[in-house]
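In the numbering used here, the protein residues as written are -9 to 301.
As structure tokens, then:
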């Protein structure tokens, strides 16, 4: 059982995608969402929109722009799509769902003489991300720009997004559920929800979270520091506000390493290295920040999993 706030946020569709083959030159997608379309600092295309990507001949994902209309029913229309040649099932597509809304229902429509063939959910081990509003996707301009979805495309493997806005608190009940998942890597990116806690509380939560997951098996665990605040250099209070969080997290990592807890890895604030254009407000990344976080974590993940960083 998890807290009501966590459960309600879990009903939002951040990180979910629909994988299918389609041979149609026009695809129309209709759906309804459960909440408001936009937030003051995040557009409707990010909060409530969708993103369609198509696999090219080099196994890279190309972005497909769709004309959109937000009303009682949201409609995205993808027109003049390139016709597949020699591909009976058509092109391979991945549709990313809204980051900060739930989906009541959805229809994917094509002409009567064309086809859509859905791909079953992958059974391969996933990268599991437990985090905050930032992991959930705030404030990407569209779903495909959330750093977890960027990773899903660049690594071409399933990523489970357990980002809970304002509620990424390394909770025992949530970690218990995470430990039941078929994971190749756990990413714990909860520090942005800890600046209000004292040093000892943060330290204890990080140590306890890692040890709880480690009781299950030796799946690698990647700890990520707080990326900081956009105004840390201009607001006299903001530097200490996040820095004490990272100092406690770093001390926890050092303790775990000294105790010989295996397969625990770390990405620091300095490695993330956000510049002034990386934020939308004081803490939530822009698309620039999302790309930066995805790039840094992709390298760390490939190193941990011993994959080629040149792919």
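Here a beta-carbon is modelled for each residue, glycine too, at the ideal position from N, C-alpha and C.
In this text the structure is predicted, and so the values were computed from the model without any measurement.
Paired residues, beta bridge with residue i - DSSP
i: residue 22; result: 95
i: residue 9; result: 84
i: residue 53; result: 43
i: residue -3; result: In the DSSP output, where bridge partners are listed per residue, residue -3 has none listed.
i: residue 226; result: DSSP output for residue 226 lists no bridge partner at all.
i: residue 150; result: 118
i: residue 257; result: 214
Residue j beta carbon less than 8 Å from that of residue i
i: residue 73; j: residue 22; result: no
i: residue 295; j: residue 175; result: yes
i: residue 43; j: residue 52; result: yes
i: residue 4; j: residue 90; result: yes
i: residue 245; j: residue 181; result: no
i: residue 206; j: residue 250; result: no
i: residue 112; j: residue 80; result: no
i: residue 142; j: residue 69; result: no
i: residue 209; j: residue 173; result: yes
i: residue 109; j: residue 138; result: no
i: residue 215; j: residue 270; result: no
i: residue 156; j: residue 198; result: no
i: residue 92; j: residue -7; result: no
i: residue 88; j: residue 33; result: no
i: residue 211; j: residue 200; result: yes
Residue i versus residue j: straight-line alpha-carbon distance, rounded
i: residue 202; j: residue 242; result: 14 Å
i: residue 259; j: residue 268; result: 13 Å
i: residue 265; j: residue 178; result: 22 Å
i: residue 297; j: residue 158; result: 29 Å
i: residue 46; j: residue 14; result: 16 Å
i: residue 282; j: residue 130; result: 12 Å
i: residue 117; j: residue 286; result: 15 Å
i: residue 192; j: residue 163; result: 17 Å
i: residue 184; j: residue 276; result: 21 Å
i: residue 253; j: residue 186; result: 29 Å
i: residue 77; j: residue 66; result: 24 Å
i: residue 25; j: residue 167; result: 26 Å
i: residue 98; j: residue 71; result: 15 Å
i: residue 237; j: residue 217; result: 13 Å
i: residue 240; j: residue 189; result: 11 Å
Selection from the options that minimises the alpha carbon distance to residue i
i: residue 280; options: 140, 10, 41 and 184; result: 140
i: residue 231; options: 210, 253, 273 and 252; result: 273
i: residue 145; options: 289, 38, 218 and 0; result: 289
i: residue 19; options: 86, -9, 28 and 31; result: 86
i: residue 38; options: 63, 156, 148 and 196; result: 63
i: residue 128; options: 31, 27 and 263; result: 31
i: residue 115; options: 41, 100, 134 and 149; result: 149
i: residue 49; options: 263, 147 and 293; result: 147
i: residue 54; options: 60, 41 and 61; result: 41
As assigned by DSSP and simplified to three states, the class of residue i
i: residue 133; result: helix
i: residue 116; result: strand
i: residue 284; result: helix
i: residue 89; result: coil
i: residue 212; result: strand
i: residue 128; result: coil
i: residue 162; result: helix
i: residue 167; result: helix
i: residue 108; result: strand
Any C-beta of chain D under 8 Å from that of residue i
i: residue 6; result: Included in the structure is just one protein chain, with no chain D present.
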